[in-house]
Amino acid sequence: MVNKQVMSKTKIFMILLLFISLLVTFRIIWINYHQNTANPTAENGVLDLRNIELNKDTTIALNGEWYFYPNEFISNNPDDADKQFITVPGDWSETLDSNHPISAGYGYGSYRLTVLLPETDQNLYGLRINNIHTAANIIVNGSKEAKLNQPAANQIEPATFRGPYTALFYSDNNQLEIIIQVSNYEIPFFCGINESITFGTEEAILHETNTLEFLQLVVIVIFLLHAFYAFTLVLLGRGKSQKELIYFGFMLLLLASGNLIDDEVFIQLPFDTAFSFRFLMFIFILTLYVLIKFIHHLYRTNTTFIKILTISNIVLSVLTLFIFPFHYFVYLVMALYLYYFISISYMFMTTLKHIRNGDNNAIFILLFICSYTSNIIWGAAIQTGQIEFPFYPFDFFISIVLIAILLFRRHIHLVELTEEQTAKLVEEDKKKDQFLANTSHEIRNPLHGIINIAQSILINNDQQLDNETKNNLNLLIQIGHQLTLTLNDILDITRLKESKLQLNKQMINLPQLTTVVIEMVQFLSENKKITIKNEISSSFPLIEADENRMIRILFNLIHNAVKFTDTGSVTVNANKQKEFAIISVKDTGIGISDADLERIFLPYEKLSKMEVDSGGIGLGLNICRQMIELHGGEISVHSEVGKGTTFTFSIPLAINSTNHQLTQHTETIINQADSSLLPEADNYVPGKNTDPSILVIDDDPINLKVIQNLLGSSYQVVTTTRPEAAVNKINEKSWDLIITDVMMPKISGYELTRRIRTKYKLSELPILLLTARNQPEDIYSGFRAGANDYITKPVDALELQARVQALTDLKRSVNEQLRMEAAWLQAQIKPHFIFNTLNTIASLSTFDAEKMTELLNEFGNYLYRSFDIKNTLPLVPLSDELELVRSYVYINKKRFDDRVNVMWEVDDNINIEIPPLSIQTLVENAIKHGILKQMNGGVIWIKIIERSLYYQIEVIDNGVGCEESKIAAIVNNDHSHNGIGLTNTNNRLKKLFGKGLSISSKLGEGTKVSFQIPKSSKK
């Protein structure tokens, strides 16, 4: 953290001066506390403690003049002739008078001291030997009480034990004779007893030992805990660059390791003493280097200098551990201190520069360097024998506190920076969401324009476009639809983030909802060769959910399954588990790897190249999860690569579904409607006979009652709750409009519309869909199925009435056009037919006046029937139509003699109404285009057959027959092959009775044309 306020040099100097003063003060206080000024010293090999009170808190340093016997291991009765005096603690090199070729400190000898004790009941005493190089036996009053390594006149085995040790013993005398036999063949410097030996009661010695061990252990534990903390932060950083923490943690581990094998020496290394000393120096070098790297990564320093230090560190480490002769180690230690001074000086100046540049946190690094240097200097003084005092932990504590403060302040800064950045990110995220939402709205209109233009080109130019262009346009439309779904996902995820998505829960029939969703997905996935199956039982309990959101959930999951399944099936199933419906969507697609399963519900996640190429932005599954959780459910996924994927989610089942369902559905329709009386399953509301007839299909009786109330005064309304029964009703009579709900059991509104469109075109029978959603995929599915219009629930009364009127007016205008076309056709009697008939009449006048009269009467009847005003009505009596046909047949028989033969199989008592000019058109077609195309003519059979539900009228001839293409053109309303009369008749029959002409023909054998008149049309 860089502060704008720059710390002055004076302030920095004063802080350093104060800090160093405190360090020195604390150290001096510690030394004085542990140095007993009243402690007597030994003189001439005797220490008089008779006036000293020995208790559990008092220890005496056995310092002073000891007897020394060089090159001799003495026992109880030494020869005083060889004795010398030696100062303890101190180096024995000059006194030993060793002739060892390597070092004057190598050799052996004995120390002896007599201790005079006060009169006391105390019998248990102890000695604490802080350091002896490198082997010794402790003998008290002739008894060997302790042993350090293996002392010998000649080196037998390497010494491995290092550090302090304690000897406890019993004595009932007031005088102690202490003999210490020492040998050293490992350490060429600081030889003999070079640190104080303390004496006291057993309790005092144990207390002192435990205190020093405890202090050192506390320091070690603190180092290890902070190292663990540093490495934990690195691990939690998940790969982020945090090298300063790594170096800091490593430095703490090295400091802890050094403390474990130094001073109290908690861990004895399995090496000789010399190599242990080398290893300890190596740790010191490595610690210094890691400290430098730590500071370097905190504050970027000169890289070249760091490289030089790195090389120097490697060289010094190798020399220390393996190469440099140990008896010259003093010179190497001097080089190490020089290396330390140069390194620390550079770090000190670098840190000072950062402080001057405004980084006030660097002051803690500066103080840390001072504390660390203080500890090194005092340690060197102890090692060289300049001063002696117990383990001092506070320089370590202060170092840790300084770094902890630094890291804490950096953490606070990072937290503040994170909060600031988080606030900015939240703000930017809101702006991003708003941008996406606005962009989605802006893109929607031109996108729909693109889709509509492409669709219009396909529809209007179907004959002119080649297959490749058609495929490209279909692909463009499909991409447009996918982009529409993506825009919807963006809007939904924005609402979910802003918690603006409110649930409108109601009772939902899950099987029927699933059927509708499957049909929507099939519309968007027409080119996929897969089967989508709904295996949810029709008796499955109702669920309580938001209908629109449930459609969205199922649509996303099923569409996602279809997208990643090339062949096979997608199956939707459900079962009941306690208070939840457990719904599964299973596919046989490519599957998902285990590594991707954990990320699949994250927003904007696209897990494979195939998914990237397939479009979308990876929001669908995340939206599903959030919507399911809003309902109180959960979603999970199981997948095997290459075998398929199963998504399973839970939705609460409905409670008290009957009453609640009535309430919810009542609210979804128009509030002002009177729904106190519900219609039966099938119900007819009679209007005037001239009113348009409407068939309304909805599985909810309340909705049917409401629509009856709205439309019954102006229309003939027939309602049914059974969509399968509606199919039969449509075939029974002519309807002006079908109104159907989309979501129904067994047969959905989409499926019902498709079935109707197999028989009726858009203009022949309009269909109005009632849907709860107005999403593009719902609207596309409805129009693609063949609907004329749609209206969303809850509906507005005026909107419903306006749309119904528009569609019924369309149907009426089409019917009127057909009737006028029929009348126009009849009016277009070909002039040559009249001319030929008149010629026939004229020829008969010369030789058969009676036949001429009959022909003239029939011709007059034919003209009268042809121009009768009744021909503009939808239906006329069968007798009137047959009179016209008989006149037409009579005229043609007179004209063509035996070439025209007509066989009648008609019951004159049949009393029904049929479309005008229907039989006459068929007979005329059979004569002109059937039998007269043959040289010898042929026979026509006119039959009216009574069935149980209808009368079947047939016109059969044995003429030349008709090609299949011409028959298809007539049935499909194609005027390009002439035959406009048959086409008109076919259309009128379909509009009136739901079924048009049935035509079968074989070339050279003849043609059969028939149609059915329901008995309900009987007068």
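If you count by the numbering used here, then the sequence shown holds residues 176 to 1194, one letter each, in order.
All C-beta atoms, glycine included, are put in the ideal place defined by N, C-alpha and C.
| query | result |
| --- | --- |
| Rounded C-alpha distance that separates Glu361 from Leu192 | 42 Å |
| His471 classed as buried or exposed, judged by whether at least 16 other C-beta atoms fall within 10 angstroms | buried |
| Cβ separation of Val1051 and Ile1089, assumed to be a contact under 8 Å, to the nearest whole Å | 7 Å |
| Helix, strand or coil at Ser273 [DSSP, three-state] | coil |
| Assigned exposure category for Ala1002 - 16 Cβ within 10 Å defines buried | Reliability of the predicted coordinates at Ala1002 is poor, the pLDDT of 46 falling under 50, and the value obtained from them is presented with this limitation in mind. It is exposed - the Cβ of Ala1002 has fewer than 16 other Cβ atoms within 10 Å. |
| Boundaries (first-last residue) of the alpha helix (DSSP H) holding Leu927 | Gly924 to Arg932 |
| Test item: CB-CB of Glu247 and Glu218 under 8 Å | no |
| Residue range of the unbroken beta strand (DSSP E) whose run includes Trp1116 | Gly1113 to Glu1121 |
| Reduced DSSP secondary structure (H/G/I, E/B, other) of Phe441 | coil |
| Identified DSSP bridge partners for Gly375 | Thr234 and Gly301 |
| Pair within 8 Å by beta-carbon distance, Pro920 and Asn735 | no |
| Neighbourhood of Ala402 by C-beta, 6 Å cutoff - its chain only, sequence neighbours within 5 removed | Gly424, Leu427 and Leu428 |
| 3-residue-minimum beta strand (DSSP E) runs that sit fully inside the stretch 682-769, ordered along the chain | 704-709, 718-721, 742-752 and 755-762 |
| Leu192 - DSSP class collapsed to helix/strand/coil | helix |
| Beta-carbon contacts of Asp257 that lie in its chain and below 7 Å, excluding the five residues immediately before and after | Tyr244 and Glu247 |
| Within 8 Å, strictly: CB atoms of Asn348 and Phe336 | no |
| Under the three-state DSSP convention, the category Phe824 falls into | strand |
| Reduced DSSP secondary structure (H/G/I, E/B, other) of Phe564 | coil |
| Beta carbon of Gln350 nearer than 8 Å to that of Leu291 | yes |
| Residue from Ala749, Gly1113, Ile353 and Met1110 with nearest C-alpha to Asn828 | Reading off the sequence shown, one finds Leu at residue 828, where the question assumed Asn. Minimum Cα distance to Leu828 is reached at Ala749. |
| Helix, strand or coil at Met1078 according to DSSP, with G and I counted as helix | strand |
| Nearest candidate by alpha-carbon position, reference Ile826, set Glu754, Leu796 and Val812 | Glu754 |
| Pair within 8 Å by beta-carbon distance, Pro565 and Leu387 | yes |
| Check whether Gln883 and Thr894 have beta carbons under 8 Å apart | yes |
| Range of the contiguous beta strand (DSSP E) that encloses Asp1132 | Tyr1125 to Asp1132 |
| Start-end ranges of the beta strand (DSSP E) lying completely within the stretch 309-369, minimum 3 residues | 310-315, 318-323, 340-345 and 350-359 |
| Touch test, the stretch 263-277 against the stretch 569-582, Cβ-Cβ under 8 Å, three pairs minimum | no |
| Close beta carbons around Ala856, own chain, < 8 Å, minus the five adjacent residues each side | Annotation note: pLDDT 43 at Ala856 (below 50); position unreliable, coordinate value reported separately. Cβ neighbours of Ala856 beyond the five flanking positions: Pro876, Thr895, Thr896 and Arg897. |
| Chain-order list of residues whose beta-carbon lies under 6 Å from that of Gly807 (same chain, five-residue window excluded) | Pro827 |
| Coarse secondary structure for Pro1189, derived from DSSP in three states | strand |
| Burial state of Leu1048 (16 or more Cβ within 10 Å) | exposed |
| Glu218, enclosing beta strand (DSSP E) - first and last residue | Element bounds for Glu218: n/a, residue is neither H nor E. |
| Whole-Å CB distance - Ala311 paired with Ile355, under 8 Å assumed | 5 Å |
| Cα-Cα separation between Ala972 and Leu885, rounded to whole angstroms | 7 Å |
| Any 3 or more C-beta pairs closer than 8 Å across the stretch 931-951 and the stretch 704-714 | no |
| Neighbourhood of Ala579 by C-beta distance below 8 Å, restricted to the same chain and skipping five residues each side | His401 |
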